[in-house]
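Q: Residue numbers (UniProt numbering): 6 to 244. Questions regarding the structure given below will be posed in turn.
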Ligand code: SAM
């Protein structure tokens with residue numbers, strides 16, 4: 006059923022290219038989702054539509070005022086009943102592929118984007134969840150919101166062409182993905198592995214699992230810390 010995506014931001018124009026390009030555009034045109042960015046200033050008071058103010062307790066920078074954020078959140082909640090509100094903050098729960106899979110089963114998402122030193126805590130706690138895209142600090146929540154929406158929207162059944170391409174990807178099975186090749190078969194002396202040209206689907210699947218395991222050991226050993234191996238994986242590792 007149709008999912009609804011909205012972002013609350015003082016820079017709604019940042020999302021223009023996001024809604025109008027590639028897979029997200031196809032998801033909208035195909036009737037899988039609606040997407041829009043809502044200007045936070047619409048919920049601010051006075052002629053100047055101020056959304057920030059000086060921090061209590063002193064210190065540098067500005068803080069996003071609670072009233073416009075809370076009004077905006079309440080407005081979007083009323084328009085999109087049952088859709089979870091996610092506040093973007095570097096202090097939030099780290100975003101992962103498995104969280105993306107959970108979020109893709111929701112009715113959509115309302116993304117609240119901070120700027121400056123962040124949002125007034127009283128607005129932040131109005132969200133259902135605080136979400137971080139990684140241990141670094143961006144200037145605003147807009148890019149984080151687009152990262153999260155991009156990863157979630159492509160998992161909605163029907164949005165990607167082959168359902169399989171989302172199921173067998175990096176992180177979905179606790180491993181990073183196998184190596185990809187396309188034509189030509191030899192480029193600058195580097196050949197595509199023979200098995201991929203063999204047409205032997207069983208051998209190809211086994212080669213892919215093997216490279217996926219090897220690459221995870223080499224590039225992301227941390228992923229293997231709490232992971233157990235299937236019987237098939239164990240037999241490849243014992244080779
Ligand atoms: N003073 C805040 C702190 O130290 O936690 C950082 C504020 S940051 C400069 C401004 C806004 O960018 C935040 O309110 C948040 O919306 C967004 N942001 C920055 N880094 C982020 C991250 N890693 N994940 C999600 N949102 C982030």
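Note that CB positions come from ideal geometry on N, CA and C, so glycine has one too. The structure displayed is predicted, hence computed values, not measured ones.
(1) Can you tell me which of the three DSSP states residue 128 falls into?
(2) What beta strand (DSSP E) runs, 3 residues minimum, are completely inside the segment 86–156?
(3) Give a single yes or no on whether residue 6 has its beta carbon closer than 7 Å to a heavy atom of ligand 1.
(4) Quick test of the definition: if touching needs 3 or more C-beta pairs under 8 Å, does the segment 145–160 touch the segment 115–128?
(5) Compute the Euclidean distance between the alpha carbons of residue 102 and residue 52, then round it to the nearest angstrom.
(6) Can you give me the C-alpha to C-alpha distance between residue 221 and residue 139, rounded to a whole angstrom?
(7) With a CB to CB cut of under 6 Å and the five nearest residues on each side skipped, what residues in its chain are close to residue 13?
(8) How far does the alpha helix (DSSP H) with residue 80 in it reach, from first residue to last?
(9) Sorry if obvious, but does the Cβ on residue 141 come closer than 7 Å to a heavy atom of ligand 1?
(10) Using 8 Å as the threshold, is the C-beta distance between residue 164 and residue 158 below it?
(11) Which same chain residues, not among the five before or five after residue 115, have their C-beta less than 6 Å away from its C-beta?
(12) Quick one: what's got a C-beta closer than 8 Å to residue 94's C-beta in the same chain, skipping five residues either side?
(13) Using only the alpha-carbon positions, how far apart do residue 20 and residue 33 sit?
(14) Whose C-beta lies closer than 7 Å to the C-beta of residue 160 among residues of the same chain, with five residues either side of it excluded?
(15) Near residue 7, what residues of its chain come up, given a Cβ to Cβ distance below 8 Å and the 5 sequence neighbours on each side ignored?
(16) State the start and end residues of the unbroken alpha helix (DSSP H) segment that holds residue 210.
A: Reading from the atomic positions:
(1) Position 123 of the chain shown, counted from the first residue, corresponds to residue 128. DSSP places residue 128 in helix when its eight states are reduced to three.
(2) 90–99, 113–117 and 134–137
(3) On the chain shown, position 1 is the one that residue 6 refers to. No, ligand 1 has no heavy atom inside 7 Å of this Cβ.
(4) yes
(5) Here residue 102 is taken as the residue at index 97 of the chain shown, counted from 1. Here residue 52 is taken as the residue at index 47 of the chain shown, counted from 1. Those two C-alpha atoms are separated by around 43 Å.
(6) Within the chain shown, the letter at position 216 stands for residue 221. Within the chain shown, the letter at position 134 stands for residue 139. If I take the Cα positions, the gap works out to 20 Å.
(7) Taking the first residue of the chain shown as position 1, residue 13 is located at position 8. Contacts found: 43, 45, 77 and 117.
(8) Position 75 of the chain shown, counted from the first residue, corresponds to residue 80. Element bounds for residue 80: 71–84.
(9) Here residue 141 corresponds to residue number 136 of the chain shown, with the count starting at 1. Yes, the Cβ of residue 141 comes within 7 Å of a heavy atom of ligand 1.
(10) What you label residue 164 is simply residue 159 of the chain shown in a count that begins at 1. What you label residue 158 is simply residue 153 of the chain shown in a count that begins at 1. Contact flag set, yes.
(11) The residue you call residue 115 lines up with position 110 of the chain shown. Excluding sequence neighbours, residue 115 sits near 11, 81, 88 and 90.
(12) Residue 94 sits at position 89 when you count from the first residue of the chain shown. Same-chain partners within the cutoff: 119, 123, 124, 129, 135, 136, 137 and 146.
(13) Locating residue 20 in the chain shown gives position 15, counting from the first residue. Locating residue 33 in the chain shown gives position 28, counting from the first residue. Rounded to whole angstroms, residue 20 to residue 33 spans 14 Å at the Cα level.
(14) As a working note, residue 160 is residue 155 in the chain shown. Cβ neighbours of residue 160 beyond the five flanking positions: 105, 106, 109 and 171.
(15) Indexing the chain shown from 1 puts residue 7 at position 2. Excluding positions up to five away in sequence, the list reads 36, 37, 38 and 39.
(16) Position 205 of the chain shown, counted from the first residue, corresponds to residue 210. Note, residue 210: alpha helix (DSSP H), 206–224.
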